[in-house]
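Data first, discussion second: the structure below is written as structure tokens.
There are 2 protein chains.
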Amino acid sequence: MTTHGQTIRPRPLVLDPARNVQFCANCDARSHSVCNAIDDKDLARLASSAVQVKIEPGHTFVDEGDTAESFRNITAGTAKLFKLLPDGRRQITGFATSGDFLGLAVSHAYSFSAEAVDEVKLCRFSRSKLRILLDDFPAMEKRLLEVASNELVAAQDQMLLLGRKTARERLASFLAARAHAPQHHCPAQAGPRGMLRLALPMTRSDIADYLGLTIETVSRTLTKLKSEKLIDVPNATEIIIPNLHALEMVASGGN
Amino acid sequence: MTTHGQTIRPRPLVLDPARNVQFCANCDARSHSVCNAIDDKDLARLASSAVQVKIEPGHTFVDEGDTAESFRNITAGTAKLFKLLPDGRRQITGFATSGDFLGLAVSHAYSFSAEAVDEVKLCRFSRSKLRILLDDFPAMEKRLLEVASNELVAAQDQMLLLGRKTARERLASFLAARAHAPQHHCPAQAGPRGMLRLALPMTRSDIADYLGLTIETVSRTLTKLKSEKLIDVPNATEIIIPNLHALEMVASGGN
DNA sequence: AAATCACCTTGATCTGTGTCAAGGCCGCAC
DNA sequence: GTGCGGCCTTGACACAGATCAAGGTGATTT
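Protein sequences, first through last, are from chains A and B. Here the first sequence is numbered in the working numbering, starting from 253 and rising by one per residue. Here the second sequence is numbered in the working numbering, starting from 253 and rising by one per residue.
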């Protein structure tokens with residue numbers, strides 16, 4: 253559907269264990285990721301199992317079909333997860349951000365590819381080290397089940413969107429869902445109260461492939477929503493939502 | 253999208269504990285469900301936590317939005333899981349059969365509704381009893397994570413289907429996927445070798461709502477596939493696949 | 001500041017699938 | 001057997017969104 257970034261294997265940053273512990277202790281993602289299942293006192297165990305990696309925008313760091321030797325936990329940035337058809341049609345199944353865990357598949361091959369949207373930082377765990385970690389910290393396995401369950405609920409919502417919603421409803425749903433995750437709000441949160449400013453780090457093409465539409469339809473629909481004052485589009489990577497409730501009405505087909 | 257079965261709360265069959273153990277021991281679903289994480293010697297524990305229930309075709313036994321007090325494990329029959337939009341548009345997110353576990357959501361409200369397609373038998377566990385069971389048998393929690401991971405993979409495949417495949421590819425994908433589950437094959441497996449006979453207990457309307465299409469498009473597309481000898485349709489509830497490989501080529505867009 | 005490039009927007013037209021409508025098939029009730 | 005009701009098929013037409021095409025915009029390079 254689009255130009256895809258080339259596959260380049262990122263080199264891990266080599267860090268000494270002591271710094272690793274600091275890294276985990278100060279990790280922005282820890283509070284809302286599976287890692288919060290591990291106590292401060294056991295942080296060294298966690299830290300020594302992980303390798304920190306930085307991925308440049310546009311680089312693919314997981315390839316569908318490859319043997320799944322590693323699991324990843326995103327600590328910064330946004331990645332897109334996608335599947336391709338042989339002729340190049342692409343479906344983005346989700347955007348992963350800080351705290352998201354990749355590679356849940358039990359199967360030994362990745363069922364999706366992943367590419368960095370902006371600069372992504374992540375922790376990589378080998379299959380064997382994660383296995384040991386999970387056996388030693390059952391709370392972490394419980395957290396993983398929670399995470400998987402929540403993703404399943406999100407996946408069902410997305411199926412409803414892809415199977416039954418109009419382009420207008422899809423865009424409204426997408427923006428409303430982003431509005432509910434404070435992570436996606438713009439840092440400079442000024443402006444009148446009740447007004448939300450969203451960051452959209454991905455391109456129109458990514459949004460289209462996530463919503464099962466074309467770039468043109470995404471663009472036209474955003475223009476239309478803007479003309480109806482349901483959103484404002486100060487520039488291509490930001491969206492202002494003056495009234496989230498009104499947008500949510502559109503998202504669920506109620507008008 | 254269609255007439256939906258009315259909601260009637262099924263009455264549990266009251267069975268004495270001893271019979272319950274027999275029920276679990278002889279359960280067709282046990283071998284391929286989460287229950288196989290529990291040894292024969294602990295079967296009494298499992299059996300006493302479950303209530304067996306029978307649901308008549310067309311009856312809704314889970315309602316989206318209801319507080320999730322129970323979990324269910326299907327032991328016979330086929331159920332459809334679906335989500336509705338306020339105006340009645342419906343997306344079926346999956347068909348659950350023997351061995352499938354419903355209610356994985358961690359949240360306290362069901363994120364989908366469930367309705368029996370044909371006569372469904374299931375075991376119902378209360379939230380609290382399942383919690384205790386999971387705490388006592390960690391292997392069962394591991395199995396649940398496996399199950400959830402596999403469902404996540406299936407959900408991603410379905411997103412690709414709904415977002416990017418043509419009607420023809422959707423039908424081919426649906427039939428090919430069914431062909432891979434021996435559960436869905438017709439009992440009377442006669443006929444030339446390499447020929448698969450599939451049971452389709454659900455209506456065209458269900459298939460349409462599962463594939464994000466209309467009844468008419470499903471019907472027309474099946475007729476077309478039949479005219480191309482990719483399938484045969486002896487009657488509305490059976491499909492014969494003479495050459496699964498050819499159908500799979502169509503399913504992935506490789507025509 | 002001009003050129004380049006990637007991305008985005010807008011317009012014109014096309015088409016796959018939806019919608020509307022009519023009739024066929026088949027099992028069930030009487 | 002006849003009538004009825006639910007489901008399925010087929011045809012004619014409509015339309016939302018895709019495709020094709022032509023600029024526009026803004027960041028980066030030189």
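Beta carbons: idealized from backbone N, C-alpha and C, even for Gly.
- With a threshold of 16 other beta carbon atoms within 10 Å, Ala488 of chain A falls short and is exposed.
- Per the coordinates, the alpha-carbon of Leu482 of chain A lies some 17 angstroms from the alpha-carbon of Leu452 of chain A.
- When DSSP assignments are scanned along the region 269 to 357 of chain B, the uninterrupted stretches of beta strand (DSSP E) that are 3 or more residues long and fall wholly within it turn out to be 302 to 307, 312 to 314, 322 to 328, 330 to 336 and 342 to 349.
- Here Gly329 of chain A is not near Arg341 of chain B, since their CB atoms are 8 angstroms or more apart.
- A Cβ of chain A is located within less than 8 angstroms of the beta carbon of Lys394 of chain B.
- At a cut-off of 8 angstroms between C-beta atoms, Asp315 of chain B does not count as an interface residue with respect to chain A.
- Following the DSSP letters along the chain, one finds Ile483 of chain A in no beta strand (DSSP E), marked with neither H nor E.
- Close partners of Gly506 of chain B in chain A (Cβ separation under 9 angstroms): Leu337, Pro338 and Asp339.
- Counted as a single uninterrupted DSSP element, the beta strand (DSSP E) harbouring Leu374 of chain B occupies residues Val372 to Ser378.
- In the DSSP assignment, Ser401 of chain B falls within the unbroken alpha helix (DSSP H) covering Pro390 to Arg416.
- Taking C-beta separations shorter than 8 angstroms and ignoring five residues to either side along the sequence, the partners of Ile492 of chain A in its chain run Gly443, Met447, Leu448, Arg449, Leu450, Ile483, Asp484, Val485 and Pro486, following chain order.
- In terms of Cβ geometry, Lys332 of chain A and Phe347 of chain A form a close pair [threshold 8 angstroms].
- Taking the Cβ atoms as the reference, Glu316 of chain B lies roughly 20 angstroms from Ser378 of chain B, outside the contact range of under 8 angstroms.
- The contact set of Asn402 of chain B on chain A, defined by CB atoms closer than 7 angstroms, consists of Val358 in chain order.
- According to DSSP, Glu367 of chain A shares a beta bridge with A:Thr312 and A:Lys332.
- Check the Cα spacing between Gly464 of chain A and each of A:Lys381, A:Ala419, A:Ala498 and A:Pro434: the tightest is with A:Ala419.
- Pairing Ala503 of chain B with Asp461 of chain A, the inter-Cα distance amounts to about 19 angstroms.
- The bridge partners DSSP lists for Arg449 of chain B are B:Ile492.
- Taking a beta-carbon distance threshold of 8 angstroms, Ser363 of chain A counts as an interface residue toward chain B.
- Residue pairing for Ala361 of chain B: DSSP places it in a beta bridge opposite B:Thr319.
- For Pro390 of chain A, the neighbours in chain B by C-beta distance under 7 angstroms run, in chain order, Pro390.
- Between the beta-carbon of Arg422 of chain B and that of Leu412 of chain B there is about 10 angstroms, and that puts the pair past the 8 angstroms contact cut.
- For His437 of chain B, the beta-bridge partners assigned by DSSP are B:Leu450.
- Interface with chain B (8 angstroms Cβ-Cβ cutoff): Ala407 of chain A is included.
- By the Cβ test, the region 283 to 295 of chain B is in contact with the region 380 to 399 of chain B, since at least three Cβ pairs between them sit closer than 8 angstroms.
- Between the C-alpha atoms of Val369 of chain B and Ala281 of chain B there is a straight-line separation of about 18 angstroms.
- Note on Asn272 of chain A: 16 or more other CB atoms within 10 angstroms of its CB, so buried under the neighbour-count rule.
- In terms of beta-carbon proximity, Leu382 of chain A stays away from the interface with chain B, with every pair separated by 8 angstroms or more.
- With contacts defined by Cβ atoms closer than 8 angstroms, Cys375 of chain B and Arg324 of chain B form a contacting pair.
- Residues of chain A whose Cβ lies closer than 8 angstroms to the Cβ of Leu412 of chain B are, in chain order, Lys335, Leu337, Gln343 and Thr345.
- As the crow flies, the alpha-carbon of Val314 of chain A is around 23 angstroms from that of Val405 of chain A.
- In the three-state reduction of the DSSP assignment, Thr466 of chain A falls in the coil class, being assigned neither a helical nor a strand state.
- Close to Leu397 of chain A, with beta-carbon spacing below 7 angstroms, are these residues of chain B in chain order: Glu393, Leu396, Leu397 and Ala400.
- In the three-state scheme derived from DSSP, where H, G and I count as helix and E and B as strand, Ser471 of chain B is classed as helix.
- Around Ile459 of chain A, the same chain offers Val470 as residues with beta carbons nearer than 6 angstroms, after the five sequence neighbours per side are excluded.
- In this structure, the beta-carbon distance from Ala424 of chain B to Leu499 of chain B falls below 8 angstroms.
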